[in-house]
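Student: In the numbering used here, the protein residues as written are 12 to 295.
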Amino acid sequence: MSTTPDVDSPSLSAVTRFADLQNRRLAYRRFGSGKPIVLCVRFRGTMDSWDPLFLDSLAAKGFEVVIFDYSGLGQSTGDRTYNPAALARDAIELIGALELGRVIIGGWSIGGIAAQIVLAQAPQIVSHAVLIATTPPGPLVKAGEPLFYTLAKRENDFEDFVSLFFEPTSTESRAAAEEASLRLAARTSDVSPEVPYTWAGDQLGEGPRNPAFPAPQVLQALLAASIPIIHIGGDHDIVFPVENWYALNGQLPSLHLVTFPRSGHGPQLQFPQASAAHIAAFLA
12 MSTTPDVDSP SLSAVTRFAD LQNRRLAYRR FGSGKPIVLC VRFRGTMDSW
62 DPLFLDSLAA KGFEVVIFDY SGLGQSTGDR TYNPAALARD AIELIGALEL
112 GRVIIGGWSI GGIAAQIVLA QAPQIVSHAV LIATTPPGPL VKAGEPLFYT
162 LAKRENDFED FVSLFFEPTS TESRAAAEEA SLRLAARTSD VSPEVPYTWA
212 GDQLGEGPRN PAFPAPQVLQ ALLAASIPII HIGGDHDIVF PVENWYALNG
262 QLPSLHLVTF PRSGHGPQLQ FPQASAAHIA AFLA
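1. What separation, rounded to the nearest whole angstrom, lies between the Cα atoms of R198 and D59?
2. Do you know how far the Cα of L162 is from the Cα of Y93?
3. Closest to I243 by C-alpha separation, out of P222, F293, Q262, would be which residue?
4. Check whether the region 244-257 and the region 103-116 are in contact - that is, three or more C-beta pairs closer than 8 Å.
5. DSSP state of T88, grouped into three classes?
6. Grab the span of the alpha helix (DSSP H) containing D248 for me, first residue to last.
7. Would you kindly work out how many angstroms separate the C-alpha atoms of S184 and L23, rounded to a whole number?
8. Counting C-beta neighbours from all protein chains within 10 Å, is the total for F169 16 or more, i.e. buried, or is it exposed?
9. Just to confirm the assignment, what range does the beta strand (DSSP E) spanning H139 have?
10. So if DSSP puts I121 in a beta bridge, which residue, or which two residues, is it bridged to?
11. If you draw a straight line from the alpha carbon of P147 to that of G155, how long is it in whole angstroms?
12. Smallest Cα separation from T88: which of L50, V206, G123, L109?
13. Between the Cα of F42 and the Cα atoms of Y160, S20, R36, G56, which residue gives the shortest distance?
14. E189 to A287, Cα distance in whole Å?
15. Specify the secondary structure class of I238 as computed by DSSP and reduced to three states.
16. Tell me, which residues are paired with H267 by DSSP?
17. Spatial neighbours of V153 within its chain, please: CB distance less than 8 Å, with the 5 preceding and 5 following residues excluded, ordered by chain position.
18. For V77 and A235, I'd like the C-alpha separation in whole angstroms.
19. Quick test of your reading: T57 and L84, contact by CB under 8 Å. State the CB separation rounded to the nearest angstrom.
20. Determine the DSSP secondary structure at R55, reduced to helix, strand or coil.
21. Quick one: residues in its chain with C-beta nearer than 8 Å to the C-beta of P219, no 5 flanking neighbours on either side, listed in chain order?
22. Whose C-beta lies closer than 8 Å to the C-beta of P204 among residues of the same chain, with five residues either side of it excluded?
23. Does DSSP put F282 in a helix, in a strand, or in coil?
24. Short of 8 Å in beta carbon distance, which residues of its chain neighbour P63, apart from the five on each side in sequence? Order them along the chain.
25. What does the Cβ neighbour count give for V114, buried or exposed, with the cut at 16 atoms within 10 Å?
Have a look at this one:
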């Protein structure tokens, strides 16, 4: 099975467009056809932080994929912030501006927190939620590791990339990291500027928090939700340990859990095609 994007990769050939919203322009790309899935990206991420093979695999499964840069980051204008409510507002307003109707809301890391807020605030526009390597709201059974706060506040090399998103002790995971890094570098034009790590680090705080996402109203919305939710995680996520989702397994009525072995905070980077296949099976 190929581990590189097709020559005719829909994600790599997608052009950046702009949606004019109140006081800002959001940069976005859309490709594929079918049920729309809107993906909110990770901390320090832009549209180009999504693995092209993961995105192309979603498109091949019959989804219209929409990715975007948050306000003030990447190619978007406006005030920049990592307040999750503001990130969720970006997603909600973009969905409205593009007239997407009911969507699958997805998100990775802090984007997964934003996706949960979208579900809580605007359930009428959400059919399913796809959460990747993120945290549930409320008290945690296991906090993240201090290592993340070191790596997130500096310019990252390949070893940092492995430590953040993969399992450094696994030969297979390291090999997957090498392949993923090549795929992420495949887009060479119309690339979103990187998020300044100095600014991002200032937003982060000094170390792991418990809860990481103190939002009782969102937790109540999830507990009451009839909207199907899937969480895709790695078994050694230094940012948002997957154990916290398993602790809610008996409480969230529509929660599906997929955990990949010997993997970290980027399960869809290590297993791009398998992640897309799990999402497609969940939605079916």
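No residue lacks a Cβ here, since even glycine has one placed at the ideal position from N, Cα and C.
In this text, all values refer to a predicted model and were calculated from it rather than measured experimentally.
Tutor: With the given structure in hand:
1. 8 Å
2. 17 Å
3. F293
4. no
5. coil
6. Segment: none, D248 is in no alpha helix (DSSP H) and carries neither H nor E.
7. 24 Å
8. exposed
9. 137-143
10. None, per the DSSP bridge assignment.
11. 13 Å
12. V206
13. S20
14. 20 Å
15. coil
16. I241
17. This sequence places Lys at residue 153; Val is not what is there. Excluding positions up to five away in sequence, the list reads P252, E254, N255.
18. 27 Å
19. 7 Å
20. coil
21. A154, G155, E156, P157, F159, Y160
22. T57, G85, Q86
23. coil
24. P16, S20, S22, L23, R194, L195, A197, R198
25. buried
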